[in-house]
Each structure stands twice: as structure tokens, then as C-alpha cells.
Amino acid sequence: MKQILPVSGSWFRVLGTKESPVLERVVFWALLKTEDTEVIVGVPREEIGVIGAVDGWLEDVAGYIEVPPEQVARLMENPEELAQFELVWAED
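To get the numbering used here, take the position in the sequence shown, counting from 1, and add 8.
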């Protein structure tokens, strides 16, 4: 990990499947160096202290969206509304 920056705004990482998405609030952006590039990933609060879980921050993430917190429950209940965001699902 090269750098950690606080998140400004209301950002969520989208996990799960297109039919059953899970949104987790992101509290930090981390700049990671992989074998051939650098990647910025969102880090949820519960994983801040888990430095060994850096690889897990990249797994199964369809993308990141900025939405008001009050919209999260509605988006998880109506996953078709996530089509407006450019997410990349594992099953696609």
C-alpha cells in the first residue's frame, strides 16, 4: 500500500451480484501497487486495520458509486436501478 486518503462525500463499494447487490460505505481510498500497475480502491471502516486484507479490497467489487446514504436500502431492494452506474459484475 502506497497511500491512504480520507473519502469526501458519500461513497459506497458495490459487491455481490447484479440481482443481489451489497453496498458498503467506503471511508478511505487506498493507493495500492500491484505487479504491473497502481490501483485506487475503497476501504470500508471494518477493514481499515486489516493490512493483510489488501488483496480482499479488490475482490468481488463491481465498482464504486456516490449516492446519499438514504438511497442505499432502496438500491439494494431495487437492483435494476444500479444499471445507471457503470458497474462490472463478476458474472458479466
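A virtual CB, placed ideally from N, CA and C, is assigned to each residue, including glycine.
task = Taking only the alpha-carbon atoms, compute the straight-line gap between G24 and V69 and give it to the nearest angstrom.
result = Sequence index remark: in the sequence shown, residue 24 carries index 16 (1-based). Sequence index remark: in the sequence shown, residue 69 carries index 61 (1-based). Inter-residue distance for G24 and V69 is about 8 Å (C-alpha atoms, whole angstroms).
query = Near A38, what residues of its chain come up, given a Cβ to Cβ distance below 6 Å and the 5 sequence neighbours on each side ignored?
reply = Stepping through the sequence shown from its first residue, residue 38 is reached at position 30. The answer, listed in chain order, is M9, I12, V49, V51.
inquiry  = If I follow the unbroken beta strand (DSSP E) through A38, where does it start and stop?
reply    = On the sequence shown, position 30 is the one that residue 38 refers to. For A38, the enclosing beta strand (DSSP E) starts and ends at 29-41.
Proximity test, V51 beta-carbon vs the ligand PLP heavy atom, cut-off 7 Å = This structure lacks the ligand PLP, and indeed carries no ligand of any kind.
task = State the beta-bridge partners of F20 as determined by DSSP.
result = Stepping through the sequence shown from its first residue, residue 20 is reached at position 12. Its beta-bridge partners are R33, I73.
task = Leaving aside the five residues before and after A98 along the sequence, list all residues of the same chain whose C-beta is less than 8 Å from its C-beta, in chain order.
result = Walking along the sequence shown from the start, residue 98 turns up at place 90. Only T25, D68, A70 meet the Cβ criterion.
query = Buried or exposed: which applies to R82, given that a residue is buried once 16 or more other Cβ atoms fall within 10 Å of its Cβ?
reply = The residue given as residue 82 occupies position 74 in the sequence shown. R82 is exposed by the Cβ-count criterion.
query = Rounded to the nearest angstrom, how far is the Cβ of R53 from that of V35, given a contact under 8 Å?
reply = Here residue 53 is taken as the residue at index 45 of the sequence shown, counted from 1. Here residue 35 is taken as the residue at index 27 of the sequence shown, counted from 1. Contact between R53 and V35 holds: CB atoms are separated by about 5 Å, below the 8 Å threshold.
request  = Provide the residue(s) that pair with L13 in DSSP beta bridges, ordered along the chain.
outcome  = For the purposes of this step, residue 13 is taken as the residue at position 5 of the sequence shown. As computed with DSSP, L13 is found in a beta bridge with W37.
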